[in-house]
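For the working numbering, add 648 to where a residue sits in the sequence shown, where the first one is 1.
Using N, Cα and C, we set each Cβ at its ideal position, and we do this for glycine too.
In what follows, a structure is listed as structure tokens, so that the remarks can point back to it.
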Amino acid sequence: MTLPDFLSEPDPGEIRLTGHRIGLYTVVREYQSGATVEQIAADYPTLSIYEVERVVAFYLANRAEVDAYVREYRAELDRQAATGRRVDAAVLRARLAARNGAAADE
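Structure (structure tokens):
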């Protein structure tokens, strides 16, 4: 799929709005769920209505390709969830504390 300038692929398989961490998958998922452009922009305040309109217009003009991307992305999310790899917050805090302690010792 050829991406316009307002979409980029910083990592393989991850299409995002250029300059944002919000992905094409997220905006399209919200739109497919019935959210309006205004609702999406309100839910993601770093996006302007204009940016959301452009993404929705891109989706509607490239529906087959974007739908395929959304299916593949969802399948990957499901695959990752099925691995059961969950990180405990306490474990993360302990790692961070150990890292901060090591940095303080230097």
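1. Say whether the segment 675-693 touches the segment 723-738, bearing in mind that this needs 3 or more beta-carbon pairs closer than 8 angstroms, one atom from each stretch.
2. Would you check if there are 3 or more beta carbon pairs closer than 8 angstroms linking the segment 691-708 to the segment 669-679?
3. I need the DSSP call for R664, collapsed to helix, strand or coil.
4. Going along the chain, which residues of its own chain have a beta-carbon closer than 7 angstroms to the beta-carbon of R807, five neighbours each way excluded?
5. Could you confirm whether any beta carbon from chain C is found closer than 7 angstroms to the beta carbon of E713?
6. Ordered along the chain, which non-local residues of its own chain (more than five positions away) have a Cβ less than 8 angstroms from that of V714?
7. Please state the DSSP three-state secondary structure of L725.
8. Taking the C-alpha atoms as reference points, what is the distance between A742 and P652?
9. Quick one: grab the DSSP three-state call for D659.
10. For L740 and A690, what's the separation of their Cα atoms in angstroms?
Short version:
1. No: the two stretches stay apart, fewer than three of their Cβ pairs being nearer than 8 angstroms.
2. Judged by Cβ distances under 8 angstroms, the segment 691-708 makes contact with the segment 669-679, as three or more pairs qualify.
3. R664 falls in the strand class under three-state DSSP.
4. Past the boundaries of the shown model lies residue 807; the chain is included only from 649 to 754, so the question cannot be answered.
5. No chain C appears in this structure, which consists of one protein chain only.
6. If we look at V714 and ignore the five residues flanking it on each side, its Cβ neighbours are M649, L672, V676, F706, Y707.
7. Three-state result, L725: helix.
8. Linking A742 to P652 through their CA atoms gives a straight-line distance of about 43 angstroms.
9. Strand, per DSSP.
10. Looking at the two C-alpha atoms, the distance is approximately 31 angstroms.
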